[in-house]
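Under the working numbering, the first residue of the sequence shown is numbered 4, with each subsequent residue one higher.
C-beta atoms are modelled at their ideal positions from N, C-alpha and C, and glycine is treated no differently.
The next block holds one structure in the form of structure tokens; read it before the comments.
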Amino acid sequence: MSNNLLEEVFIKRSQQKKKTSPLNFKERLFVLTQEKIAYYDYDIEKGKKKGLKGFVDIDKIKCVEIVIPEDHAPPERLFPFQIVYDEGPLYIFAKTDDIRKQWIHKLKHVVRFNKDLIQKYHPCFWEDGMWKCCQQEVKQAMGCKVLEMRNGGLSAGSRRKSRKPLPPTPEEEKHSISLPQEPPKQHGFSVGMTVIAEYEYFPMAPQDLELKKDDEYTILQICDANWLRARDKNGKEGYIPSNYVTEALNGLEKFEWYCKNMNRSQAENLLKNENKDGGFLVRDSGRYTGKYTVSVFTKGQGDMVGSCRHYNILTTQQGQFYLAEKHYFGNIPDLINYHQHNAAGLVSRLKYIVSNRSQNAPSTAGLGYGVWEIDPRQLTFIKELGNGQFGVVKYGKWQGRHDVAIKMIKEGSMSEDDFIEEAKVMMKLHHENLVQLYGVCTKQRPIYIVTEFLPNGCLLTYLRESLRNPSTVQLLEMCKDVSEGMAYLESQQYLHRDL
């Protein structure tokens with residue numbers, strides 16, 4: 004059981020791998036692990052798993068998506084989803100929409116790095132020798148609907164070589180416009196999910212919703228890769244930046260000491276860089292799903308290097324948590340609070356919180372949801388940063404409080420119509436290693452481009468003038484960041500003409 008990610012009894016539709024195969028529906032016990040999804044014969048009355056009926060290797064899965072229910076579907080077949088792999092679609096029917104969402108979310112997570120993920124799928128069933136959605140009569144025919152999460156939500160940090168998009172269908176060709184596809188969603192959010200704010204967010208536009216750090220919010224709508232519509236605990240609704248929140252999985256996300264998705268070596272590097280005796284963090288266990296580890300840095304008198312110790316948080320049969328015998332707690336925050344004041348068997352009491360969270364909030368995609376035309380009266384010019392072929396760049400403030408860089412485009416230096424179309428496309432690009440375009444001022448001359456302000460200027464100038472004797476690690480980190488930014492642009496089919 005410890006290796007199983009999920010278990011559930013579903014109705015499975017026969018796959019009809021042969022033309023003469025009958026269409027039937029049977030209850031099966033589905034078990035998901037990191038390696039495969041398997042289904043078993045199941046004794047409902049005894050609640051007992053019987054023989055293995057089939058399985059699909061995780062690395063062969065190409066797509067996981069909802070299926071539109073058949074007309075006049077019986078109650079037990081109202082919530083279908085599909086797992087598409089090299090032998091076709093595997094149709095599964097969940098008891099409720101919540102269970103279906105849970106499985107789709109988990110499956111998309113485990114297949115996110117698969118090399119053969121498809122970008123188009125069939126939202127309806129294959130039935131009677133035809134796809135019900137597009138009436139194509141070839142079972143292997145390309146899908147007719149573009150996936151909302153292309154590349155399975157492949158993170159921008161992935162080292163996999165990006166894949167070019169599939170060509171459009173003839174129907175799409177007629178209506179296509181010369182814009183890249185929407186950026187892939189990297190977050191895995193879903194409607195109804197509860198999220199926790201990692202940063203404060205003050206509304207930039209009237210339709211935005213204020214975020215208070217560590218408060219919980221409910222997602223109402225996924226607008227695009229960068230913005231969500233959400234509701235706060237008081238019932239107020241509005242738009243929030245998706246990179247300011249994280250899914251509330253276990254209630255630990257609100258604590259600075261919890262470092263989600265961190266492995267042992269990363270924890271040790273972070274603690275050693277902080278170099279404080281008693282520095283600590285809590286991370287997900289690398290061995291056991293759903294378990295946690297406390298990593299502590301210790302440095303005795305005269306010790307110039309220091310070392311790290313790792314303690315698994317254990318649980319009693321009654322569900323209480325402990326690190327040391329005789330000191331049991333009903334939850335992990337109480338356990339941490341106790342050991343912040345008492346070593347009680349640890350190499351040191353937990354003296355200093357070490358966190359991988361940035362103290363500064365990340366940039367948002369635009370200055371508010373749907374805002375790309377900025378009122379120039381809201382801009383304050385402070386000092387000139389430089390000038391070039393296309394105009395002057397100045398440091399300034401938007402609404403008197405947000406640092407921005409303002410590029411004033413020299414009249415006649417470029418086609419204004421082409422520039423405006425290009426700006427609309429660039430507004431959809433958002434990545435931590437790209438300078439964020441916030442918006443433009445096009446209703447007066449000269450035109451302004453408003454972007455994220457970088458205090459240290461461009462990388463080349465910083466390397467030549469500010470950074471003295473950079474270490475190999477620093478240079479490698481810079482190369483990695485630049486490469487990830489370039490890989491993201493490639494994944495969006497966007498060409499940077501000045502790299």
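Based on the DSSP secondary-structure assignment, which residues constitute the bridge partners of residue i?
i	result
Arg409	A small fix is needed here, since residue 409 is Ile in this sequence, not Arg. For Ile409, which the question treats as bridged, DSSP gives the partners Lys397 and Val453.
Asp287	Tyr295
Val34	Glu10 and Ala41
Thr301	Ser310
Lys148	Tyr124
Asn315	Thr296
Asp211	Tyr242
Trp129	Trp134
Tyr261	Val285
Asp46	Lys51
Phe28	Arg16
Tyr204	Leu214
So, for residue i: in the same chain, excluding its five sequence neighbours on each side, which residues have a beta-carbon less than 7 Å away from its beta-carbon?
i	result
His499	Leu492
Leu223	Val194, Arg232, Ala233, Arg234 and Glu240
Pro449	Gly394, Met411, Ile412, Lys413 and Glu414
Glu2	Given that the chain is displayed from residue 4 to residue 502, the structure contains no residue 2 and the question cannot be resolved.
Asp100	Phe82
Asn459	Tyr465 and Ser469
Gly403	Thr383
His313	Arg267, Thr296 and Ser298
Could you check where the alpha helix (DSSP H) with residue i kicks off and where it finishes?
i	result
Val87	Segment Phe82 to Tyr88 is the beta strand (DSSP E) holding Val87; no alpha helix (DSSP H) there.
Thr383	Here Thr383 belongs to no alpha helix (DSSP H); instead the beta strand (DSSP E) covers Leu382 to Gly391.
Ser494	Thr475 to Ser494
Three-state secondary structure (DSSP) at residue i?
i	result
Pro244	strand
Ser268	helix
Thr249	strand
Pro183	The predicted model places Pro183 with a pLDDT of 39, which falls under 50 and marks its position as unreliable, so this point remains unresolved.
Glu376	strand
Tyr325	strand
Arg16	strand
Phe332	strand
Tyr465	helix
Val428	helix
So residue i is in the beta strand (DSSP E); what residue range does that whole segment cover?
i	result
Ile339	That residue, Ile339, is in no beta strand (DSSP E); its alpha helix (DSSP H) goes Ile335 to His344.
His434	Careful: His434 lies outside any beta strand (DSSP E) and carries neither H nor E.
Gln224	Glu219 to Ile225
Cys444	Leu440 to Cys444
Ile102	Run containing Ile102: none in the beta strand (DSSP E); it sits in the alpha helix (DSSP H), Asp100 to Val113.
Ser358	Ser358 -> no beta strand (DSSP E), and no H or E assigned at all.
Phe96	Gly91 to Ala97
Glu68	Cys66 to Ile69
Trp230	Trp230 to Arg234
Thr197	Thr197 to Ala200
Gly57	Lys51 to Asp60
Report the rounded CA-to-CA distance for residue i versus residue j, giving the unit in angstroms.
i	j	result
Tyr121	Trp106	With the sequence shown as reference, residue 121 is identified as Ile, and Tyr is not the correct amino acid for it. Between Ile121 and Trp106, the C-alpha separation is close to 19 Å.
Asn6	Val34	10 Å
Phe258	Asp217	8 Å
Asn266	Ala490	24 Å
Asp211	Thr249	18 Å
Ser288	Thr318	13 Å
Ile40	Thr296	28 Å
Gly281	Arg31	51 Å
Val407	Ile225	27 Å
Ile377	Ile385	18 Å
Lys123	Ala76	25 Å
Cys482	Leu274	24 Å
Lys52	Ala426	57 Å
Glu435	Arg115	20 Å
Val453	Ser245	21 Å
Ile316	Gly238	37 Å
Glu11	Phe300	41 Å
Ile14	Asp44	11 Å
Gly348	Ala327	6 Å
Ile61	Pro209	44 Å
Tyr220	Tyr202	13 Å
Among the residues of its own chain, which have a CB less than 6 Å from the CB of residue i, if the five just before and after it don't count?
i	result
Arg163	In this prediction, Arg163 scores a pLDDT of 39, lower than 50, which makes its location untrustworthy; no coordinate-derived value is stated.
Ile335	Phe324
Gln18	none
Asn69	Per the sequence presented here, residue 69 reads as Ile, with Asn not at that position. Counting only Cβ-Cβ distances below 6 Å, and skipping sequence neighbours, we find Phe84.
Can you find a C-beta in chain D that's less than 8 Å from the C-beta of residue i?
i	result
Val350	Looking for chain D here will not work: only one protein chain is present.
Within its chain, find whatever has a CB closer than 8 Å to the CB of residue i; leave out the 5 residues flanking it on each side and keep chain order.
i	result
Ser358	Glu259, Trp260, Cys262 and Leu284
Lys104	Ser193 and Gly195
Ala346	Arg352
Val396	Glu387, Leu388, Gly389, Asn390, Ala408, Ile409, Lys410 and Met411
Phe332	Gln323, Phe324, Tyr325, Leu338 and Tyr341
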